[in-house]
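Here is the structure we will look at.
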DNA sequence: ACCTAAACCTGGGCGC
DNA sequence: TGCGCCCAGGTTTAGG
């Protein structure tokens, strides 16, 4: 999934379903997924559901929070007496809540994780302390320009570097670069002021579209209510190898690997 | 400082 | 149907 728009979609729904509810039990089927600290969550009442980059943060009223990273195949799904169980053979953690609510963490590849932290330490001492600014919140055009000017590495690598900028992954990096007509291999500090501004707007645009369509269910991702997102029907470049470019109609998308990740480019638009 | 490959795991899709 | 191979929304780490 699990880039900013997918996690944000889940966060919004969890906020609706979890806040004000108490955690009664936590059953861990995969210790790799949730190695320690589950007992600190027992009896805690959820006060907020936050997100930083691709990480979900659930805060409790007892001084603890838990962080969830979905990596590639994680699913966070809520069910209640009115919504049927979403458990499956990839269910790694089951949280039981009051009033019959349940929260499932499903993850085929077991790359995802759940970690417990003291709420006051989340921002400065947890995984999220290493994350760069959020494109839809803390980032400004000026700050974005400063980030790009400080590196000669390929622009696509910088967009996906969570320490520089948090939340953008492979789908939205590919789409934003196509929308901005910028070649992914371009050195970040080679972009002109005009290109930088266009790219900044393109990032905001594709992320907002991702949220509007409730994320991209290309593979495993589903919303917290167990439904598929629709952004995969609106991909601009991602996954379009050999397809004609929807903008210039002349180019045919090529695919190559950059930084080990599939990269999709219209050779005509993205010189 | 930067790059690549490999590692962590498992399933889905494709060709044969 | 089955088998082998390649691919996958992420991140970390080892080695050059």
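Residue numbers (the working numbering): -14 to 256.
All C-beta atoms in this analysis are idealised placements derived from N, C-alpha and C, irrespective of residue type, glycine included.
Note that the structure is predicted; figures quoted are calculated from it, not measured.
The beta carbons of residue 119 and residue 111 sit no closer together than 9 Å. Residue range -11 to 3 is occupied by the alpha helix (DSSP H) that includes residue 2. Excluding five sequence positions before and after residue 50, the CB atoms of its chain that fall closer than 7 Å to its own CB belong to 42, 43, 44, 102, 104, 107, given in chain order. Assignment of residue 34 by DSSP, reduced to helix, strand and coil, places it in the strand class. Closest by C-alpha distance to residue 213, out of 29, 121, 31, 62, is 62.
Excluding five sequence positions before and after residue 172, the CB atoms of its chain that fall closer than 6 Å to its own CB belong to 137, given in chain order.
The continuous alpha helix (DSSP H) containing residue 130 extends over residues 126 to 134. The C-alpha of residue 142 lies about 11 Å from the C-alpha of residue 242. In the same chain as residue 0, and ignoring 5 residues on each side of it, the C-beta atoms closer than 6 Å to its own belong to 34, in chain order. Here residue 229 is exposed: its Cβ has fewer than 16 other Cβ atoms, across all protein chains shown, within 10 Å. In this structure, residue 216 sits near residue 195, with a CB-CB distance shorter than 9 Å.
If you draw a straight line from the Cα of residue 125 to the Cα of residue 93, it comes to about 37 Å.
Residue range 98 to 103 is occupied by the beta strand (DSSP E) that includes residue 98.
Separation of residue 97 and residue 77 (C-alpha to C-alpha, rounded to the nearest whole angstrom) is 10 Å.
Contact between residue 156 and residue -12 holds, with the beta-carbon distance rounding to 6 Å and staying under 8 Å. Around the CB of residue 256, fewer than 16 other CB atoms lie within 10 Å, so the residue is classed as exposed. Boundaries of the alpha helix (DSSP H) around residue 164: 155 to 164.
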